[in-house]
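J.: This is the structure, below, for whatever I ask next.
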């Protein structure tokens with residue numbers, strides 16, 4: 117992984133690209149897959165060695181003693197010594213060598229894609245961990261603000277109670293809500309420590325610099341109608357399954373070669389001293405063409421062929437499984453992307469509207485028009501709205517990274533490349549291109565404007581009620597100018613229900629959000 121450009125200066129914020137580069141460079145899982153791939157390259161070279169002749173050199177020193185029967189030939193005692201050079205070259209072996217080289221080559225290619233897939237997975241895990249750290253840092257900050265706000269409200273209520281104008285039940289209510297805000301802060305801080313530990317496991321100790329925001333990867337995403345097709349051609353998981361299928365097919369052909377005859381060439385030369393007792397050096401040379409065929413090996417060849425055939429069937433099933441997993445992962449990650457992309461606008465609208473309502477509740481509480489419970493509920497709803505909007509922003513970026521990772525394009529989108537890209541280009545060109553049938557299902561957006569509104573009360577006879585249209589995010593950010601024009605802001609007496617009905621700018625107490633209790637992340 118090329119990460120040299122990442123270290124541009126200590127004054128700049130730490131980026132996602134730097135984090136992913138460090139993770140892929142130093143992660144033990146990625147390095148283990150890299151070593152597996154390099155080992156498989158050596159297996160290919162070992163298989164190719166069968167194309168070449170074998171040359172053996174032997175030295176022999178032999179003491180010969182011949183004791184013949186009496187009255188026949190005189191006994192002989194002599195020592196022979198000499199060198200023997202043998203050369204063996206396979207001329208034909210039923211294409212076993214050819215198919216064994218293909219088997220090891222495609223097996224090495226499968227290990228290469230396994231290495232790439234692991235790199236993409238670690239890049240995605242690092243992106244998720246990086247995003248979690250960013251998210252929980254923001255959660256901790258707004259939890260601190262929420263706690264400080266509840267603490268300030270508690271102080272105001274305490275002053276009112278001590279001065280005799282406040283109720284003690286309000287003090288207890290505020291005290292309980294502040295304890296809840298403290299608990300939420302503790303949980304968020306614990307979740308931040310957990311996320312930081314998870315990121316440190318991937319990249320090592322975290323740097324002291326500030327962490328930059330997540331980059332937008334939307335520009336690297338292909339159109340949804342082309343997403344599946346591009347993923348088929350670039351997903352390391354699917355391509356690795358295809359390479360394993362080709363390796364299994366080559367193994368079947370190699371096993372078939374065991375039933376074929378073999379033809380080999382043998383050359384030998386042996387200068388020997390005292391050969392058969394004759395003084396001097398005797399030179400022996402031979403050239404032979406050897407034809408051979410196995411007639412019986414206990415059924416081993418047939419059993420090995422059957423085993424290879426079953427491995428091929430298994431590889432077919434694994435390829436189909438890889439296709440289904442690819443489609444499912446893409447559909448789910450893309451659906452998640454569409455979901456958070458669609459949620460951003462209403463969540464922003466909810467946050468801004470809740471903030472306006474909270475401000476109105478504060479003013480009305482000061483003049484006795486709202487209860488403390490109304491104010492605390494509005495603060496709690498705003499706290500929840502801010503968390504939801506931050507979460508949607510972060511998860512949208514993670515969903516973009518997920519789609520790219522499953523397509524094998526996350527590292528490219530981050531302008532990083534694999535540490536080792538020496539895969540056999542010839543095998544890549546001739547690798548099987550099995551179809552991964554069926555397109556990807558894309559989520560159907562919900563047309564909220566087509567959903568009719570439901571009334572919770574019967575309108576007066578002869579009157580008509582027009583349902584409001586959904587505001588855009590731009591409209592949601594515009595300040596509300598209608599509050600000062602409506603008389604409801606000056607309604608008196610908190611016990612009078614009509615005063616609350618006249619307030620069109622703030623939700624009623626029954627519309628207040630439930631209390632938010634944050635759970636610790638697993």
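Residue numbers (our numbering): 117 to 638. No residue lacks a Cβ here, since even glycine has one placed at the ideal position from N, Cα and C. All values reported here derive from a predicted model rather than from experimental measurement.
(1) To which residues of the same chain is residue 611 closer than 8 Å at the C-beta, ignoring the five residues directly before and after it?
(2) Would you report the Cα separation of residue 396 and residue 182, rounded to the nearest angstrom?
(3) Under 8 Å, with one C-beta from each stretch per pair, do the stretch 290–308 and the stretch 235–247 reach the 3-pair mark?
(4) Residue 499 and residue 490: beta carbons closer than 8 Å?
(5) Kindly indicate the opening and closing residues of the alpha helix (DSSP H) around residue 271.
(6) At which residues does the alpha helix (DSSP H) containing residue 375 begin and terminate?
(7) Which residues share a DSSP beta bridge with residue 182?
(8) Pick helix, strand or coil for residue 349, following the three-state DSSP scheme.
(9) Using the C-alpha atoms, what's the distance from residue 363 back to residue 702?
(10) Do you know offhand how far residue 134's Cα is from residue 428's?
(11) Within 10 Å of its beta-carbon, does residue 349 have 16 or more other beta-carbons around it, so buried, or fewer, so exposed?
(12) Mapping the DSSP letters down to three states, classify residue 317 as helix, strand or coil.
(13) Between which two residues does the alpha helix (DSSP H) containing residue 480 stretch?
(14) Between the beta-carbon of residue 217 and the beta-carbon of residue 315, is there less than 8 Å?
(15) Is it true that the stretch 373–388 meets the stretch 204–214, where meeting means three or more beta-carbon pairs spaced less than 8 Å apart?
(16) By alpha-carbon positions, which one of 463, 442, 558 ends up nearest to residue 352?
(17) Could you please give the first and the last residue of the uninterrupted alpha helix (DSSP H) stretch that includes residue 499?
(18) Name the one or two DSSP bridge partners that residue 386 has.
(19) Quick one: grab the DSSP three-state call for residue 326.
(20) For residue 232, which of 356, 275, 287, 201 has the nearest alpha-carbon?
(21) Around the C-beta of residue 330, are 16 or more other C-beta atoms found within 10 angstroms, so that it is buried, or is it exposed?
(22) What residue range is occupied by the uninterrupted alpha helix (DSSP H) comprising residue 138?
(23) Only counting the same chain, and skipping five residues up and downstream in sequence, which positions put a Cβ closer than 8 Å to that of residue 190?
(24) If I measure Cβ to Cβ from residue 87 and keep anything under 7 Å in the same chain, skipping five residues before and after, which residues do I get?
(25) Would you please state the rounded distance, in angstroms, between the beta carbons of residue 224 and residue 153? I believe it to be under 8 Å.
(26) Of the choices 169, 238, 272, 176, whose alpha-carbon is the least far from that of residue 147?
(27) Are the beta-carbon atoms belonging to residue 197 and residue 177 less than 8 Å from one another?
(28) Looking only at its own chain, which residues have a Cβ that is under 6 Å from the Cβ of residue 400, when we skip the five neighbours before and after it?
T.: Straight from the coordinates:
(1) Here the question's residue 611 lines up with position 495 in the chain shown. Residue confidence is low: residue 611 scores 38 on pLDDT, short of 50, so the model does not pin down where it sits. Its coordinate-derived value is still stated next. Hits under 8 Å: none found.
(2) Here residue 396 is taken as the residue at index 280 of the chain shown, counted from 1. Here residue 182 is taken as the residue at index 66 of the chain shown, counted from 1. Each residue's alpha carbon lies about 19 Å from the other.
(3) Taking 8 Å as the limit for Cβ pairs, the verdict is that the stretch 235–247 does not touch the stretch 290–308.
(4) Translated into the one-based positions of the chain shown, residue 499 becomes position 383. Translated into the one-based positions of the chain shown, residue 490 becomes position 374. For residue 499 and residue 490, no; Cβs fall outside 8 Å.
(5) Indexing the chain shown from 1 puts residue 271 at position 155. Boundaries of the alpha helix (DSSP H) harbouring residue 271: 212–279, taken from the DSSP string.
(6) Position 259 of the chain shown, counting from 1, holds the residue named residue 375. For residue 375, there is no enclosing alpha helix (DSSP H), as DSSP marks it with neither H nor E.
(7) Against the chain shown, residue 182 aligns to sequence position 66. Answer is 192, bridged to residue 182.
(8) As a working mapping, residue 349 is identified with position 233 in the chain shown. Under the three-state reduction of DSSP output, residue 349 falls in the helix class.
(9) Given that the chain is displayed from residue 117 to residue 638, the structure contains no residue 702 and the question cannot be resolved.
(10) Position 18 of the chain shown, counted from the first residue, corresponds to residue 134. Position 312 of the chain shown, counted from the first residue, corresponds to residue 428. Approximately 41 Å, taken between the alpha carbons.
(11) The residue you call residue 349 lines up with position 233 of the chain shown. Under a 10 Å Cβ-count criterion, residue 349 is classified as exposed, with fewer than 16 other Cβ atoms of the shown protein chains found around its own Cβ.
(12) Here residue 317 is taken as the residue at index 201 of the chain shown, counted from 1. Looking at residue 317 - three-state DSSP - the assignment turns out to be helix.
(13) Translated into positions along the chain shown, residue 480 becomes position 364. Where residue 480 is concerned, the enclosing alpha helix (DSSP H) stretches over 416–482.
(14) In the chain shown, the residue the question calls residue 217 occupies position 101. In the chain shown, the residue the question calls residue 315 occupies position 199. No; because the gap between Cβ atoms is not below 8 Å, this pair is not in contact.
(15) Yes: the two stretches touch, three or more of their Cβ pairs being nearer than 8 Å.
(16) Position 236 of the chain shown, counted from the start, is the residue given in the question as residue 352. Proximity to residue 352 across 463, 442, 558 peaks at 442, based on C-alpha coordinates.
(17) Walking along the chain shown from the start, residue 499 turns up at place 383. Per DSSP, residue 499 belongs to the alpha helix (DSSP H) from 488–522.
(18) For the purposes of this step, residue 386 is taken as the residue at position 270 of the chain shown. 400.
(19) Walking along the chain shown from the start, residue 326 turns up at place 210. DSSP, reduced to helix, strand and coil, places residue 326 outside both helices and strands of the structure shown, so it counts as coil.
(20) Residue numbering aside, residue 232 sits at position 116 when the chain shown is read from its first letter. Scanning 356, 275, 287, 201 for the CA closest to the CA of residue 232 turns up 356.
(21) Your numbering for residue 330 matches position 214 in the chain shown. Flag for residue 330 reads buried.
(22) Counting from one through the chain shown, the residue named residue 138 turns up at place 22. Per DSSP, the unbroken alpha helix (DSSP H) holding residue 138 starts and ends at 132–142.
(23) Residue numbering aside, residue 190 sits at position 74 when the chain shown is read from its first letter. If we look at residue 190 and ignore the five residues flanking it on each side, its Cβ neighbours are 184.
(24) This structure cannot speak to residue 87, because the chain is shown only from 117 to 638.
(25) On the chain shown, residue 224 is found 108 positions in, with the first residue counted as 1. On the chain shown, residue 153 is found 37 positions in, with the first residue counted as 1. A Cβ-Cβ distance of about 7 Å is found for the pair residue 224 and residue 153, placing them in contact under the 8 Å criterion.
(26) Taking the chain shown and counting its residues from 1, one reaches residue 147 at position 31. It is 238.
(27) For the purposes of this step, residue 197 is taken as the residue at position 81 of the chain shown. For the purposes of this step, residue 177 is taken as the residue at position 61 of the chain shown. It is a contact, given that the beta carbons lie within the stated cut-off.
(28) By 1-based counting over the chain shown, the position of residue 400 is 284. For residue 400, where only same-chain residues beyond five positions count, the Cβ hits under 6 Å are 386.
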